Amino acid sequence: MSDYDVIVIGGGPGGYNAAIRAGQLGLKVACVEGRETLGGTCLNVGCMPSKALLHASELYEAASGGEFARLGIQVTPSLDLAQMMKQKDESVTALTKGVEFLFRKNKVEWIKGWGRLDGPGKVVVSAADGSSSSHTAKDVIIATGSEPTPLPGVTIDNKRILDSTGALSLPEVPKHLVVIGAGVIGLELGSVWRRLGAEVTVLEYLDRICPGMDDETAKTFQRALTKQGMKFRLGSKVTQAKATAKQVSLQVEPAAGGAAEAIEADYVLVAIGRRPYTQGLGLETVGLQVDKRGMLANEHLRSGVPGVWVIGDVTAGPMLAHKAEEEAVAVAELIAGKAGEVNYDVIPGVIYTSPEVATVGKTEEQLKAEGRAYKVGKFPFTANSRAKINHETEGFVKVLADERSDEILGVHMVGPNVGDMIAEFCVAMEFAAASEDVARTCHPHPTRSEALRQAAMAVEGWAMQA
Ligand code: FAD
Ligand code: NAI
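Quick note on the UniProt record's numbering: the sequence shown kicks off at 1 and runs consecutively.
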């Protein structure tokens with residue numbers, strides 16, 4: 001007899017959702033988490049604190065940067081950074097406590113401490129007080145997440161040279177923040193600090209921002225950020241960073257080769273990606289191995305070792321909280337004998353800057369590479385009445401549909417609130433909808449969502465408002 005039906009290692013969006021769903025399905029389940037709070041990277045040092053600062057800094061910029069005055073609201077704001085951080089921390093605490101509540105509600109036991117596999121079906125947990133305990137389970141789910149990828153020559157001290165966690169809790173607004181990596185973290189957190197008054201320079205190794213994103217979308221996004229004052233140096237390689245008490249000196253070279261130059265900053269954020277986290281997990285005790293990127297492979301969430309499953313950032317696919325959550329639901333259902341399934345073709349990606357960026361499905365570049373004939377429908381936010389009234393006309397909606405069947409294959413948007421609105425297309429794509437299905441669906445007026453419908457109409461050339 002095992003102690004549990006399921007033990008989940010890791011209490012992030014992958015782990016806690018798997019545990020909750022397993023509890024709902026009547027399985028006896030425990031979740032091992034070594035942090036003092038549940039919620040993983042996402043709730044503690046990722047999605048949620050970053051969105052708290054993005055929201056607050058967006059309002060601060062609106063109040064101080066002229067938008068309030070344009071609306072006829074006269075204020076002279078001053079920044080209380082300590083309060084901004086405090087409200088962020090309070091929200092995070094409320095959310096992590098919320099997961100504890102959900103555990104109690106669904107009879108999930110939280111085993112506090114760091115877990116490691118100790119042979120098939122066995123997990124040993126080392127608690128903070130030095131004690132250790134041993135537990136058995138029929139199934140074990142590995143959901144240990146990821147950590148920032150280090151950059152050789154640039155040592156993170158989280159004083160001057162920061163990873164994302166450090167950049168979420170700075171005690172002051174940088175004068176000059178250098179961001180290494182023009183990906184999601186760099187552009188979100190770069191936006192936060194620029195809005196609060198920092199000069200922000202983004203150094204990117206490639207000759208474009210946001211690799212993998214639809215080209216046209218990435219270019220429009222970069223133009224918007226540049227207009228806001230963010231500086232980009234693409235094709236740049238950082239070879240060294242030296243921090244003193246108040247300054248960082250960076251050595252930067254063209255990625256293609258050439259003369260090095262020095263760049264000075266008071267803070268540097270390293271955001272060049274994340275890597276799977278499996279440290280001390282005892283993988284060898286069950287015969288599991290990571291690949292050269294440190295990743296655990298999976299086949300329909302199965303690790304290859306009977307009774308051991310892998311989900312979330314530690315395994316293949318986009319490192320996103322909602323991808324981890326999808327896998328969490330599927331793995332719990334598979335373990336309970338149901339038909340758990342993840343549709344990897346419909347996992348949206350959102351960048352929560354202003355304007356926001358939201359994408360789902362294939363990019364134009366991917367469709368071209370596949371040789372798939374497709375139609376494009378595009379609609380700009382300048383022609384959307386609600387966006388115009390709100391002075392948020394930057395960006396567009398682009399719908400890509402199959403040339404013959406009209407099935408929606410991809411949607412790429414830059415603009416106001418597109419992160420929420422992309423869900424409409426996710427539902428449509430789950431139902432294998434045609435662009436005409438969206439084009440002929442009544443959308444409320446006046447909303448920004450009408451731009452989605454107009455873009456769908458544009459696929460067949462009958463957008464009526466542009
Ligand atoms: P994690 O959330 O990393 O959780 C893993 C947990 O396992 C951790 O709490 C860790 O302490 C624990 N753990 C590890 N090893 C052990 C062990 N041996 N024993 C016990 N516990 C262990 N994604 C989005 O979708 N939207 C966003 O807006 C977004 N914003 C982000 C912003 C930032 C700054 C960062 C860094 C990430 C962001 N992400 C976002 C990514 C998102 O946080 C991750 O994709 C998500 O957290 C992955 O979930 P997970 O459960 O796989 O892993
Ligand atoms: P990323 O993969 O999004 O971007 C990393 C960037 O750094 C890329 O543009 C890459 O070309 C560049 N780069 C790599 N090595 C470099 C080097 N040596 N010098 C200069 N540039 C270099 O990774 P990021 O931003 O660190 O985020 C990690 C993960 O967290 C992402 O995969 C993302 O899925 C997730 N995340 C999601 C968010 C969201 O959904 N809104 C927000 C923040 C993070």
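Built from N, CA and C at the ideal position, the CB exists for glycine as well. Here the structure is a predicted model, which means the values were calculated and not measured.
DSSP puts residue i in a beta bridge; with which residues?
{"i": "Met213", "result": "BP columns for Met213 are empty, so no partner."}
{"i": "Ile351", "result": "Val357"}
{"i": "Gln251", "result": "Gln240 and Ala262"}
{"i": "Leu117", "result": "Val123"}
{"i": "Glu407", "result": "Ala434"}
Helix, strand or coil for residue i per DSSP?
{"i": "Met48", "result": "helix"}
{"i": "Leu301", "result": "coil"}
{"i": "His412", "result": "strand"}
{"i": "His55", "result": "helix"}
{"i": "Phe431", "result": "coil"}
{"i": "Ala62", "result": "helix"}
{"i": "Ala324", "result": "helix"}
{"i": "Gly197", "result": "coil"}
{"i": "Asp5", "result": "strand"}
{"i": "Ile422", "result": "helix"}
{"i": "Asp313", "result": "helix"}
{"i": "Thr37", "result": "coil"}
{"i": "Ile185", "result": "helix"}
{"i": "Glu341", "result": "coil"}
{"i": "Cys442", "result": "coil"}
{"i": "Ile335", "result": "helix"}
{"i": "Lys231", "result": "strand"}
{"i": "Ala30", "result": "strand"}
{"i": "Leu288", "result": "coil"}
At which residues does the alpha helix (DSSP H) containing residue i begin and terminate?
{"i": "Ser132", "result": "Unbroken run through Ser132 is the beta strand (DSSP E), Ser132 to Ile142; no alpha helix (DSSP H)."}
{"i": "Gln366", "result": "Glu364 to Glu370"}
{"i": "Leu102", "result": "Leu81 to Lys105"}
{"i": "Gln24", "result": "Pro13 to Gln24"}
{"i": "Val459", "result": "Glu450 to Val459"}
{"i": "Glu109", "result": "Here Glu109 belongs to no alpha helix (DSSP H); instead the beta strand (DSSP E) covers Val108 to Lys112."}
{"i": "Ala167", "result": "Ser164 to Ala167"}
{"i": "Arg70", "result": "Glu67 to Arg70"}
Can you give me the C-alpha to C-alpha distance between residue i and residue j, rounded to a whole angstrom?
{"i": "Val252", "j": "Glu264", "result": "10 Å"}
{"i": "Leu168", "j": "Val45", "result": "7 Å"}
{"i": "Thr226", "j": "Gly10", "result": "39 Å"}
{"i": "Ala198", "j": "Pro355", "result": "19 Å"}
{"i": "Ala127", "j": "Trp110", "result": "12 Å"}
{"i": "Tyr374", "j": "Glu216", "result": "16 Å"}
{"i": "Val32", "j": "Val125", "result": "8 Å"}
{"i": "Gly183", "j": "Ser2", "result": "44 Å"}
{"i": "Met464", "j": "Phe379", "result": "10 Å"}
{"i": "Leu234", "j": "Val305", "result": "43 Å"}
{"i": "Gly15", "j": "Trp462", "result": "46 Å"}
{"i": "His412", "j": "Thr165", "result": "29 Å"}
{"i": "Thr201", "j": "Leu151", "result": "18 Å"}
{"i": "Val99", "j": "Gly419", "result": "24 Å"}
{"i": "Ser78", "j": "Gly65", "result": "12 Å"}
{"i": "Ser405", "j": "Glu424", "result": "20 Å"}
{"i": "Leu95", "j": "Gly113", "result": "20 Å"}
{"i": "Gly39", "j": "Thr144", "result": "12 Å"}
{"i": "Val179", "j": "Ala56", "result": "20 Å"}
{"i": "Glu188", "j": "Asn417", "result": "15 Å"}
{"i": "Gly282", "j": "Val123", "result": "9 Å"}
{"i": "residue 468", "j": "Gly34", "result": "This structure cannot speak to residue 468, because the chain is shown only from 1 to 466."}
{"i": "Ser236", "j": "Asp163", "result": "19 Å"}
{"i": "Glu370", "j": "Ala19", "result": "38 Å"}
Of the choices the options, whose alpha-carbon is the least far from that of residue i?
{"i": "Glu392", "options": "Lys242, Ile335 and Leu71", "result": "Leu71"}
{"i": "Leu206", "options": "Ala218, Met319 and Met464", "result": "Ala218"}
{"i": "Glu58", "options": "Met319, Ser191 and Asp291", "result": "Ser191"}
{"i": "Ala241", "options": "Arg116, Leu367 and Asp266", "result": "Asp266"}
{"i": "Pro318", "options": "Phe232, Glu407 and Gly212", "result": "Gly212"}
{"i": "Ile335", "options": "Val438, Met84 and Leu27", "result": "Leu27"}
{"i": "Val6", "options": "Glu341, Ala339 and Asp139", "result": "Asp139"}
Between which two residues does the beta strand (DSSP E) holding residue i run?
{"i": "Arg386", "result": "Per DSSP, Arg386 belongs to no beta strand (DSSP E); it is in the alpha helix (DSSP H), Ser385 to Ile389."}
{"i": "Phe379", "result": "Tyr374 to Pro380"}
{"i": "Glu147", "result": "Ser146 to Pro148"}
{"i": "Ala401", "result": "Phe396 to Asp402"}
{"i": "Leu269", "result": "Tyr267 to Val270"}
{"i": "Ile156", "result": "Careful: Ile156 lies outside any beta strand (DSSP E) and carries neither H nor E."}
{"i": "Ile180", "result": "His176 to Ile180"}
{"i": "residue 468", "result": "As shown, the chain starts at 1 and ends at 466. That puts residue 468 outside it, with no answer to give."}
Is the CB of residue i under 7 Å away from at least one CB in chain B?
{"i": "Val308", "result": "As a matter of chain content, chain B is missing from the structure shown, which is built from one protein chain."}
For the ligand ATP, I want to know if residue i counts as a neighbour, meaning its beta carbon is within less than 6 Å of at least one of the ligand's heavy atoms.
{"i": "Glu61", "result": "Ligands in the displayed structure: the ligand FAD and the ligand NAI; the ligand ATP is not one of them."}
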